[in-house]
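Report on the structure given below.
Residue numbers (the working numbering): 533 to 983.
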């Protein structure tokens, strides 16, 4: 292993670090999980050639490689342990091209979501994926996990905003996948296969992104309270059934809302209530918001509507503060299940029953516009107790029973791999393993993740 580090230094120079503090940081991510020991080395790639050189050496010597972006993942997908190399693309942050005519951007993977959209704003464009972590999460990491966010119900998930990828395979081969045209069906869709592959098939080193024009016209935001989270979920399902398509529709249960307001040092004007946020944009924003408002008040909600964009963003900032508010409570297992939108009330009821059965609080928020829920299981200490894992398993079973999925946007990583076959079945898991072997015959890419 010492020889491998020396060879890496010969190949990529001071991009290689074995500083204890740097390696210690690579043991964890935002999931709260940590590997048993620090990795062998950290390589902070600056160029595609750096990535290729590292993977050629690692493949030749059979050394495991853990690709890493900004380390904001929530499933342990970027944890690195003993004898492994961390290959970081965080320093690859360039915007290579912005094409206003074709509404395309070509970027390196390390650029942060918010930085990209700040650069696109003067062009009247944006990259629509909008995770709550947009100020700290990278585009490459979003692609590797097929991340979602607050705007998915109207604008789609990451997969729908990527036209092509540059990927370095385990043996150092650079592949240019996809296209730059809106349509393109030549051959198998390897671009879509790479999106959400969590570093198990290769390292993303470039992306051709599909942009959308910034919405014109007003932005309307509704803040509503309901006596119970099931009532709020029923209202969100009714808005969807009425064929209203908000840009964002976020639901916060009473326990989560109280924790967020404490974290932000804001007064709780309606203690014990659930909160529903609905934001519409575009030329029909006010009409859509008023139609949603009618549904909300008709189902017992107390609501206010604003067309002030700054006030609307202030209201959404409460939702974006969920993760730091939970971190302040202790170690958090942030779960991520999705159900058909009509089943949101049933899933919230299941979460409440699971919490009561095990004597634990499960603060929950949801991207109600697309049926994606984030139950948060909070515990003390460094180890996740068995009762939390038991409750998590029951959450997954409940979501699957309602026609849902184990993960809407965070991925599998190490956290959910034990339940993978429950959703996919043994035959599909074996097929996916064979696909991984085709891309990575020596099994060096992010081993132990997903499978």
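Where is the CB? At the ideal position from N, CA and C, for every residue including glycine.
Residues near residue i by beta carbon distance below 7 Å, same chain, minus five either side
i, result
"residue 949", "982 and 983"
"residue 724", "691"
"residue 589", "536, 539, 540 and 543"
"residue 817", "749, 750, 751 and 752"
"residue 629", "637 and 638"
Residue i in three-state terms, based on DSSP
i, result
"residue 920", "helix"
"residue 580", "helix"
"residue 631", "strand"
"residue 686", "helix"
"residue 846", "helix"
"residue 968", "helix"
"residue 960", "helix"
"residue 974", "coil"
"residue 700", "strand"
"residue 938", "coil"
"residue 838", "strand"
"residue 866", "strand"
"residue 623", "coil"
"residue 767", "helix"
Candidates the options, of which the one nearest residue i by Cα
i, options, result
"residue 970", "743, 552 and 732", "732"
"residue 709", "688, 735 and 684", "735"
"residue 742", "729, 973 and 695", "695"
"residue 772", "721, 825, 760 and 748", "825"
"residue 556", "562, 548 and 569", "569"
"residue 780", "722, 687 and 959", "687"
"residue 829", "788, 839, 815 and 759", "759"
"residue 782", "800, 683, 717 and 872", "683"
"residue 580", "697, 958, 676 and 613", "697"
"residue 757", "778, 834 and 558", "834"
"residue 812", "633, 566 and 748", "748"
"residue 547", "565, 583 and 560", "583"
"residue 785", "551, 647 and 765", "765"
"residue 572", "597, 554, 596 and 616", "616"
"residue 567", "953, 945 and 961", "945"
"residue 578", "666, 612, 624 and 744", "624"
"residue 601", "612, 973 and 685", "612"
"residue 744", "807, 661, 978 and 565", "661"
"residue 887", "902, 907 and 868", "907"
"residue 947", "677, 608, 776 and 805", "608"
"residue 831", "644, 819, 645 and 762", "762"
"residue 599", "822, 768 and 677", "677"
Contact set for residue i: own chain, Cβ-Cβ below 6 Å, skip 5 residues either direction
i, result
"residue 915", "none"
"residue 663", "669, 679 and 681"
Beta-carbon separation (whole angstroms), residue i vs residue j, contact threshold 8 Å
i, j, result
"residue 621", "residue 737", "7 Å"
"residue 636", "residue 740", "6 Å"
"residue 671", "residue 619", "Contact flag wrong, Cβ pair sits at about 17 Å."
"residue 787", "residue 893", "5 Å"
"residue 685", "residue 777", "7 Å"
"residue 977", "residue 700", "That pair is no contact at about 10 Å."
Determine, using beta-carbon pairs with one atom in the region 870-885 and one in the region 898-908, whether at least three such pairs fall under 8 Å.
yes
Taking three-plus beta-carbon pairs below 8 Å as touching, is the region 786-797 in contact with the region 841-861?
yes
Contact the region 747-754 vs the region 832-852: 3+ CB pairs below 8 Å:
yes
Touching by the beta-carbon criterion (3+ pairs, under 8 Å), the region 828-843 and the region 712-728:
no
Within 8 Å, do at least three Cβ pairs link the region 925-938 to the region 867-875?
yes
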